[in-house]
Amino acid sequence: MREGAVVAVTKRLLSLVVLLCISSAASAALLPEDRSDVMFHRYDGGGVEVDGPSILVRKSIGQSVSVSANYYVDSISCASVDVMSSASPYTEERTETGLSVDYLHDKTMMTLSYTKSDESDYLSETASFDISHDMFGDLTTVSLGYSVGNDDISNNTDETFSETAKKQYFRVGITQILTKNSLMGINLETITDEGFLRSPYRSVRYWNSATGAGGTVSEAYPETRTSNALAFSVKYFLPYRAALSGEYRYYNDTWGIDASNLEIGYIHPLEKDWTFEVHYRYYTQDAADFYSDLFTRADEQNYMARDKELSTYQDHTIGVGVSYEFKPEKWQFLDRGSFTLAVDYIRFNYDDFRDVLKGGGSVTPGEEPLYSFSANVIKAYLSVWY
Amino acid sequence: MLDYVIRAAVAITTASLLAACSVEPWVKPYERANLADPIMSFSPNPVEKRYIDHIYEVRESARGATGAGGGGCGCN
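Here the protein sequences come in this chain order: V and A.
The first sequence runs contiguously to residue 392 in our numbering.
The second sequence runs contiguously to residue 114 in our numbering.
The following block contains the structure:
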């Protein structure tokens, strides 16, 4: 009898919840705006120059479908400390294409997307599904997402080399209106990797101070990796029409890396048509368990890495941007347009990755100066809404 | 650790459904003019956000939870 009563109450509660969810509508969610962006981007730092265009086009079809397409190119000229210490500078091109479809039904948005990235020694395809739902009079948006990616890795110096990797992404998020001037977001994402997870080119170095024996040997990585990232973000509208933003993310993974980053930003419309933006970001991470700048022998561990991205380091970014908004008089089909120029300066300081190029052959291995470098990032883009 | 994501999804969904029974929107639709201003968007320019997310993903070990759907760096 008691079980029967519990089931009945549960059914009634569920019916009530469903009824409330259906009837809690105030105003429907919106599709993203129809807009197109053409961007030129450039990264220059640490001997690496990457530039190219990115084009993003979005158009709605009817009241409930929006389609977007992205074409992106990285033209890479690489003479990084990694490359210069073991090989010759190279140039290559990476092309990324993407297509996504959004479908809006009442307060629920579903997005299906596909991205393909192609370079001479790396082919990556990723498919994603995301769903979000507005609730509580649109105060809260809850989102769930899943992606799966398959990578084919080859080696430009070895035609017989062929490896694969599979990635899966699981994410949940919530965006919450806190007050009439503030918003908050929480995002959690777990990513799992299986397969070949290192560069086929990079080596570790080893040197035994007692015997003087040294050399290099290929890196050896685990074939699985699982990472978790949790991010909090806030946005606050100031009384004189400007906005403050803040974000903190904590990260860890099964390779032993702990990382976190903090970003603050300020955006201020200067006059009628101009908007100014400034931001600062700090990032810090601890090294992977199997990272070392200098091993003592070639078979010191099962897994060995000397990728500086797996070392202990910090980076600081400071960026500014300015946008000018205009009304295109000649093209009546356009609602408005804007031109944005944004520049970031990034400083990387490594705690346990040494600059072997500074040794000049006369410095004892392990006593070279620590590596650091600066990078400049330029983003210039034209946006139009229609 | 995938359990955490699944548990979080279940917790958020359950909490949201339960809260639906009692929550009255404390910010009315007519009070959201400031929130609707483009400067309050978490990612007002998708083309720039995708690019800068890629810049950091290539040069830092941390990844994920950027608020952007999809994934795939295509880089080694």
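No residue lacks a Cβ here, since even glycine has one placed at the ideal position from N, Cα and C.
Beta-carbon spacing of residue i, residue j below 8 Å
i, j, result
"V/Tyr242", "V/Asn187", "yes"
"V/Ser317", "V/Phe354", "no"
"V/Ala125", "V/Glu165", "Strictly speaking, residue 125 of chain V in this sequence is Glu, with Ala absent from that position. Not closer than 8 Å, so no."
"V/Glu315", "V/Arg287", "no"
"V/Val240", "V/Ser233", "no"
"V/Trp391", "V/Leu347", "no"
"V/Phe167", "V/Gly151", "no"
"V/Ala304", "V/Val223", "yes"
"V/Tyr319", "V/Tyr356", "yes"
"V/Ala381", "V/Tyr49", "yes"
"V/Asp140", "V/Lys113", "yes"
"V/Gly218", "V/Tyr212", "no"
"V/Thr132", "V/Ser106", "no"
"V/Pro38", "A/Ile77", "no"
"V/Ser119", "V/Gly155", "no"
"V/Ala249", "V/Gly201", "no"
"V/Arg100", "V/Asp127", "no"
"V/Ser70", "V/Leu110", "yes"
"V/Asp199", "V/Arg231", "yes"
"V/Gly58", "V/Ile352", "no"
"V/Val326", "V/Val362", "no"
"V/Arg208", "V/Asp88", "yes"
"A/Val65", "V/Leu300", "no"
"V/Asp108", "V/Ser60", "no"
is_contact[residue i, chain A] using C-beta, thresh 8 Å
i, result
"V/Ala249", "yes"
"V/Thr145", "Per the sequence presented here, residue 145 of chain V reads as Leu, with Thr not at that position. Judged by the 8 Å Cβ criterion, V/Leu145 is in contact with chain A."
"V/Asp43", "yes"
"V/Leu110", "no"
"V/Ala85", "no"
"V/Thr346", "yes"
"V/Ile1", "Nothing about residue 1 of chain V can be reported from this structure: the residues present for chain V run from 7 to 392 only."
"V/Glu306", "no"
"V/Lys65", "no"
"V/Ile460", "This structure cannot speak to residue 460 of chain V, because chain V is shown only from 7 to 392."
"V/His47", "yes"
"V/Trp391", "no"
"V/Pro309", "Strictly speaking, residue 309 of chain V in this sequence is Tyr, with Pro absent from that position. It does not; no Cβ of chain A falls within 8 Å."
"V/Tyr175", "yes"
"V/Phe142", "yes"
"V/Arg4", "This structure cannot speak to residue 4 of chain V, because chain V is shown only from 7 to 392."
"V/Arg255", "yes"
"V/Asn267", "yes"
"V/Arg8", "Residue placement at V/Arg8 is flagged as unreliable, the pLDDT there being 47, under the threshold of 50; the coordinate-derived value follows with that caveat. So no, V/Arg8 is outside the interface."
"V/Ile28", "Residue placement at V/Ile28 is flagged as unreliable, the pLDDT there being 39, under the threshold of 50; the coordinate-derived value follows with that caveat. Chain A contact via Cβ: absent."
Residue-level contact to chain V via CB, residue i, 8 Å cutoff
i, result
"A/Asp91", "no"
"A/Glu98", "yes"
"A/Glu95", "no"
"A/Ala103", "yes"
"A/Cys113", "Residue confidence for A/Cys113 is low, a pLDDT of 44 falling below 50, so the modelled location carries little weight; the figure read from the coordinates is stated next. With 8 Å as the cut-off, A/Cys113 counts as an interface residue toward chain V."
Beta-carbon separation (whole angstroms), residue i vs residue j, contact threshold 8 Å
i, j, result
"V/Glu169", "V/Ile159", "5 Å"
"V/Met116", "A/Val85", "The pair is not a contact, with the Cβ atoms about 22 Å apart (cut-off 8 Å)."
"V/Gly191", "A/Gly105", "6 Å"
"V/Ser149", "V/Gly179", "4 Å"
"V/Glu102", "V/Ser123", "5 Å"
"V/Tyr387", "V/Asp43", "5 Å"
"V/Thr147", "V/Thr196", "V/Thr147 to V/Thr196, Cβ: 20 Å. No contact."
"V/Arg255", "A/Ala100", "7 Å"
"A/Pro63", "V/Gly143", "3 Å"
"V/Lys385", "A/Tyr89", "6 Å"
Closer than 7 Å: residue i CB and nearest the ligand COA heavy atom
i, result
"V/Phe202", "With respect to the ligand COA, the structure shown offers nothing to examine, as it has no ligands at all."
Original post:
Mind listing which residues of the segment 180-197 of chain V have their C-beta closer than 7 Å to chain A's C-betas, in chain order?
Top reply: So the close ones are Ile180, Ile183, Thr185, Lys186, Asn187, Leu189, Gly191, Asn193, Leu194, Glu195, Thr196, Ile197.
Original post:
How about the segment 261-276 of chain V and the segment 286-306 of chain V: do they share at least three Cβ pairs that are nearer than 8 Å?
Top reply: Between the segment 261-276 of chain V and the segment 286-306 of chain V, the count of C-beta pairs closer than 8 Å reaches three or more; the two stretches touch.
Subject >> Near-chain A residues of the segment 369-387 of chain V (beta-carbon distance less than 9 Å), N- to C-terminal order >> reply: For the segment 369-387 of chain V, which is checked against every Cβ of chain A, the residues closer than 9 Å are Ala381, Val383, Lys385, Tyr387.
Original post:
Is it true that the segment 226-233 of chain V meets the segment 301-318 of chain V, where meeting means three or more beta-carbon pairs spaced less than 8 Å apart?
Top reply: A contact exists between the segment 226-233 of chain V and the segment 301-318 of chain V.
**OP:** May I ask you to verify whether the segment 326-335 of chain V touches the segment 368-383 of chain V, counting CB pairs closer than 8 Å and requiring at least 3?
**Re:** Because the criterion of three Cβ pairs below 8 Å is not met, the segment 326-335 of chain V and the segment 368-383 of chain V do not touch.
**OP:** Scan the segment 275-297 of chain V for residues whose Cβ lies nearer than 8 Å to a Cβ of chain A and list them as they occur along the chain.
**Re:** Per Cβ criterion, the list reads Pro275, Thr281, Tyr289, Gln291, Ala294.
Original post:
Of all the residues that make up the segment 223-245 of chain V, which are near chain A by a beta-carbon distance shorter than 8 Å?
Top reply: Against chain A - using a Cβ distance shorter than 8 Å - the residues of the segment 223-245 of chain V are Thr232, Ser233, Asn234, Ala235, Leu236, Ala237, Ser239, Lys241, Phe243.
Original post:
In chain order, what residues of the segment 51-64 of chain V put their CB closer than 7 Å to some CB of chain A?
Top reply: The segment 51-64 of chain V vs chain A, Cβ under 7 Å: Ser60, Leu62.
Original post:
the segment 312-323 of chain V: which residues have C-beta closer than 8 Å to a C-beta of chain A, in chain order?
Top reply: Flagged, chain order: Glu315, Leu316, Asp321.
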